[in-house]
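**Q**
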Amino acid sequence: MNYWLQRIGMSVLLLLSVSALTFGAMNVLGDPLFNILGPVARTKDVRGTAQTDGYAYQASKGNPTAGLVVLDEADELASGQALLVSTDDELPLRTDTIAPLDSVTVEGGLVSIADTVSPGDSVVNGPEPEQLFKVAQAEQEFHLDKPLPERYARWLADFVTGDMGPQFSKTGEPPVTDLIKERLPRSVMLLVMAQILATAIAIPWSLWSASKANNIVDKLSTFSTFLIIALPNFALGVILKYVFAIKLSWFPQTFNASDPLLSQVWQMFLPALTIALPAAAVYQRLLRTDLITTLQEDFILMARSKGVSRRNVLFRHALRPSLFSFVTVFGINTGALIGGSLIAETIFRVPGLGSAVVEAVATEDFPIVLAIVMIIATAFVLVNVVVDVVYSLIDPRVRR
Amino acid sequence: MSEIELVADEITNQDDASPEAELITRRLGWAFWLCVCWLVVIVLAAVLAPWLPLKDPNANLVNRDLGRPPYSPSSEFWFGSDQDARDVFSRTIFGARVSLTVGFVAIAFGMVIGGTLGILSGYFRGWWDRIISFAFVVLLSFPALVLAILITSLLDRGLMTISLTLGFLAIAPVGRLARATTIQYAEREFVVAARTLGARHPRIIIRELLPNVVIPMGALALLGMAVAIVAEGGLAFLGLSVQKEETWGKLILLGAGSRDLEKSPWISMAPIFILFLTVLALNFAGDKIRAYFDVKETAL
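Chain order of the listed sequences is Z and F.
Note that this note's numbering has the first sequence beginning at 58, numbered continuously upward.
Note that this note's numbering has the second sequence beginning at 109, numbered continuously upward.
#1: Throw me the rounded Cβ distance for the Z:Ile-400 and Z:Ala-337 pair, which I believe falls under 8 Å.
#2: Rounded to the nearest angstrom, how far is the Cβ of Z:Ala-428 from that of Z:Val-233, given a contact under 8 Å?
#3: How is the alpha helix (DSSP H) around Z:Leu-297 delimited, first residue to last?
#4: Would you identify the three-state DSSP class for F:Ser-411, choosing helix, strand or coil?
#5: If you check the beta carbons only, do Z:Ile-407 and F:Ser-261 fall under 8 Å apart?
#6: Mind listing the chain Z neighbours of F:Ala-294? Cutoff is C-beta to C-beta under 9 Å, in chain order.
#7: Does chain F have any CB closer than 8 Å to the CB of Z:Pro-289?
#8: Apply the 10 Å Cβ neighbour rule to F:Trp-141 and answer buried if 16 or more other Cβ atoms are within range, or exposed otherwise.
#9: Could you please give me the residues that DSSP links to F:Phe-195 through a beta bridge?
#10: Looking at the C-beta of F:Leu-258, does it have a partner C-beta in chain Z at a distance below 8 Å?
#11: Exposed or buried, Z:Pro-289, counting other C-beta atoms within 10 Å across all chains shown (16 or more means buried)?
#12: For Z:Val-75, which residues of its own chain have a beta-carbon under 7 Å away from its beta-carbon, when the five flanking residues on both sides are left out?
#13: 8 Å is my cut-off, CB to CB: does F:Leu-136 come that close to chain Z?
#14: Around the C-beta of F:Asp-192, are 16 or more other C-beta atoms found within 10 angstroms, so that it is buried, or is it exposed?
#15: Within the 8 Å Cβ cut-off, does Z:Gln-310 reach chain F?
#16: Mind listing the chain F neighbours of Z:Tyr-340? Cutoff is C-beta to C-beta under 7 Å, in chain order.
#17: Mark Z:Met-359 as exposed unless 16 or more other C-beta atoms lie within 10 angstroms of its C-beta, in which case mark it buried.
#18: Taking the CB atoms as reference points, tell me whether Z:Ala-251 and Z:Ala-314 lie closer together than 8 Å.
#19: With 8 Å as the threshold, decide whether the Cβ of F:Leu-348 is near any Cβ in chain Z.
#20: Can you have a look at Z:Phe-80 and say buried or exposed, based on whether 16 or more other CB atoms are within 10 angstroms of its CB?
#21: With distance defined between alpha-carbon atoms, name the residue in Z:Gly-364, Z:Val-69, Z:Gly-409 nearest to Z:Leu-439.
#22: Is the number of C-beta pairs between the segment 352-367 of chain F and the segment 184-204 of chain F that are closer than 8 Å three or more?
#23: Where does Z:Asp-445 land, buried or exposed, given buried means 16+ other C-beta within 10 angstroms?
#24: Write down the C-beta distance between F:Arg-265 and F:Leu-348 rounded to the nearest angstrom, noting that I regard them as a contact closer than 8 Å.
#25: Any C-beta of chain F sitting closer than 8 Å to the C-beta of Z:Tyr-209?
#26: Name the residues in the segment 363-384 of chain F whose C-beta lies less than 7 Å from a C-beta of chain Z; which are they?
#27: Between the segment 299-312 of chain F and the segment 181-190 of chain F, do three or more beta carbon pairs fall short of 8 Å?
#28: Please classify Z:Ser-143: does DSSP put it in a helix, a strand, or coil?
#29: Can the beta-carbon of Z:Leu-241 be found closer than 8 Å to that of Z:Ile-395?
#30: What does F:Gly-342 touch in chain Z if you count any residue whose Cβ is under 9 Å from its own?
#31: Which whole-angstrom value is the C-beta distance of F:Thr-355 and F:Ser-207, which I expect to be below 8 Å?
#32: Please report the distance separating the alpha-carbon of Z:Lys-269 from that of F:Ala-157.
#33: Counting along the chain, where does the alpha helix (DSSP H) carrying Z:Met-67 start and finish?
#34: Measure the beta-carbon distance from F:Val-210 to F:Ala-393 and round it to whole angstroms, keeping in mind my assumption that it falls under 8 Å.
#35: Quick check on Z:Val-407 - is its C-beta less than 8 Å from some C-beta in chain F?
#36: Check this for me: beta carbons of F:Ile-279 and F:Ile-323, under 8 Å apart or not?
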């Protein structure tokens, strides 16, 4: 029991760090405001930097300093000029705050800035007020004005309750959750199909191979697993598409989401095979090794000497005890297969999570990327836990 | 055994000790040297590409006698040409420059960072080891491609960014191998002897441990290079590869549209073939070296 508590705590900790990492990267490396608003967001970009001690203004990007007055104390400003406010004032500001003149009021040495400009903002030579308003509105809507940890906590609370937040592009509509709800089932179906296919290929193949261990047939099949593993999945996808969809026309080239379910399954066969074939090769190698080890055990000899046929020995006696490491790798491999499924989805144009990631990246819509990363990580952790459970069910020795 | 190690072991316990690996342990064999030959050829071709008598990879070599491009493979265009009458063969060779660079830089970065972290955490153990191991587990719990997507979508897509991103992904597997190997050697007699003689930590790590850790890492480096090259191709298919230069992945993607595949399959099949041979050679050579030095754990 204790072990499982530890295991679950570990999984939660892991998911938390994954999400914090992703969230942090998105917000620190990326620029959410720009992703939402586009160029408008740039109106509040810092064009110059102020040094903390003095009040020097450093122009960059060819920005003229002429319109800027560096303030030591509050002074009268001519119209069209901008103001550099220092932290010594009443305002809790960074020194690099530059505000447009019309949003600044000066009263007897006390400098105050209108609400539309939030602390830390900097504006060079006055953007339009409605642009600033838009920025402020977007910041409010997406909570960008809050500090990073608070935003993360907010996002996390929403995510746990099943709300993945608004999309960046298309100004928040439809919510990410809806998009995921539409795309996720297809990806899951693809993965399940791929795993079924891989198992269906690997088990007979490994049985056949193991029954002829170190024979020329076995050597050839080991060699071919090597070839398959060396073939990158995108290349395999292209080859399968060329051979089966274009030359032989057995399968449609692309996926059509409006078709009935049965034909969708048919359309998913090639992408599923693209994912399944390398997985099958991995499974085959593993199972074959384990089978060969099992076949050398005494109980197999016993079964054979009792007169059980070779076929029955293979299926009834040897297969089950050889499945342990297969179960483990089956679970672990799911993570790798998710990566493969992203590519298979793009090649065969299946509108699943993979294509959603590609689209989201193209439009810099990071809430979608974040949601999908989290789904994949959660799936990964869950699969690992399930594997653990299954493993300890099959083999009680694992429960220490 | 701590819970961290438990989880870590579950992720990496893909035991590769197949019977034939035991048989070939002390023999590299002709196939290995064949692979090495191919790798030497492709690396030389990539390095010397600008000085080899190749066609300009970006020139539109329209030939009136052959009609409209794309041209099928012939003595003039060994691998055919693409829609813009550019020579696929020379494009593939020039693509090798970028793809191999990505693979090499990625794995070198992963080796240096991951190796250092792994050796330090394996040697000093304690809390640092726990933190670093946990970081490795976190890194490994991302499907690698997803992490690569995340980083490349946030940063610019220069050659170095892509290479270092893929190198970043190599840190965890390399680090875990380095850590496991270090732990294995840290209590051996020669290390204890060095310590008893008064050697300081840096000396023990560099003179005693490093040479033993480097060998299994070398086998992993070949496999890792293959993984990085393939990962770059995967990124290309997601539209996230190097922006400027042509890579194998981008070349394959270029010819992977339905119409192109139907009319001129060689545009993508030729680079696929070269990529396949290279990955095969790297995998095979890596496997053989691993078997030769009897490295147990790999995590790629």
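Idealized CB from N, CA, C, for every residue including glycine.
**A** According to the data block:
#1: With a Cβ gap of about 17 Å, Z:Ile-400 and Z:Ala-337 do not count as contacting.
#2: 5 Å
#3: 290-297
#4: As displayed, chain F neither begins before 109 nor continues past 408, which places residue 411 of chain F out of reach and without an answer.
#5: For the sequence presented, residue 407 of chain Z should be read as Val rather than Ile. For Z:Val-407 and F:Ser-261, no; Cβs fall outside 8 Å.
#6: Here the premise fails: no neighbours, minimum Cβ distance about 25 Å.
#7: yes
#8: exposed
#9: Reading off the sequence, residue 195 of chain F comes out as Asp, not Phe. In the DSSP output, where bridge partners are listed per residue, F:Asp-195 has F:Ser-189.
#10: yes
#11: buried
#12: Ala-434
#13: no
#14: exposed
#15: yes
#16: Going along chain F, no residue has its Cβ under 7 Å from Z:Tyr-340, so there is no contact; the nearest lies around 11 Å.
#17: exposed
#18: no
#19: yes
#20: buried
#21: Z:Val-69
#22: yes
#23: buried
#24: 7 Å
#25: no
#26: Ala-364, Ser-366, Leu-369, Glu-370, Pro-373, Ser-376, Ile-380, Leu-383, Phe-384
#27: no
#28: The pLDDT assigned to Z:Ser-143 is 38, lower than 50, so where the model puts this residue is not dependable; a value taken from the coordinates is nonetheless given after this. Residue state, collapsed to three classes: coil.
#29: no
#30: Pro-289, Asn-290, Phe-291, Gly-396, Gly-397, Leu-399, Ile-400
#31: 5 Å
#32: 47 Å
#33: 59-85
#34: Not quite, the Cβ-Cβ distance comes to about 19 Å (not below 8 Å), so this is no contact.
#35: no
#36: no
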